[in-house]
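In this note's numbering, the protein residues as written are 10 to 74.
The C-beta atom is built at its ideal place from N, Cα and C for all residues, glycine as well.
Structure first, commentary second.
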Amino acid sequence: ARVAFKPTSSILTLRQTVTRDGAETDLRTRGRHDPCVALRGVPVVEAMAACVLADAMLRHRAQVG
């Protein structure tokens, strides 16, 4: 099976956050800092496929008896 992923985007809007000292501050991303989600994609696809197959099996068992 083939799977495609949409790249995650950097959020360029101003956001409120808290520093390590607990002080409130504003944070704005500058530039493009898009993470690579391909490394986490395989386990996510495998887990979702397992959920879909388990759901189909339970639905079949509920209908057949």
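List the residues that DSSP assigns as beta-bridge partners of residue i.
{"i": "glutamate 33", "result": "Val27"}
Quick check on this structure: which residue in the options has the alpha carbon closest to the alpha carbon of residue i?
{"i": "arginine 11", "options": "Ala58, Thr34 and Asp43", "result": "Ala58"}
{"i": "aspartate 43", "options": "Gly74, Thr17 and Arg70", "result": "Thr17"}
Excluding sequence positions up to five away, which residues of its chain have a Cβ less than 7 Å from the Cβ of residue i?
{"i": "leucine 36", "result": "Arg24 and Thr26"}
For residue i, which residues of its own chain have a beta-carbon under 8 Å away from its beta-carbon, when the five flanking residues on both sides are left out?
{"i": "arginine 41", "result": "Ser19"}
Within the same chain, show all residues whose beta-carbon is closer than 6 Å to that of residue i, passing over the 5 residues directly before and after it, in chain order.
{"i": "leucine 21", "result": "Thr38"}
Requested in this report: Report yes or no: do the region 23-41 and the region 49-69 share at least 3 C-beta pairs separated by less than 8 Å?
Outcome: no
Requested in this report: Entirely within the region 38-63 and at least 3 residues each: give me those beta strand (DSSP E) ranges in chain order.
Outcome: none
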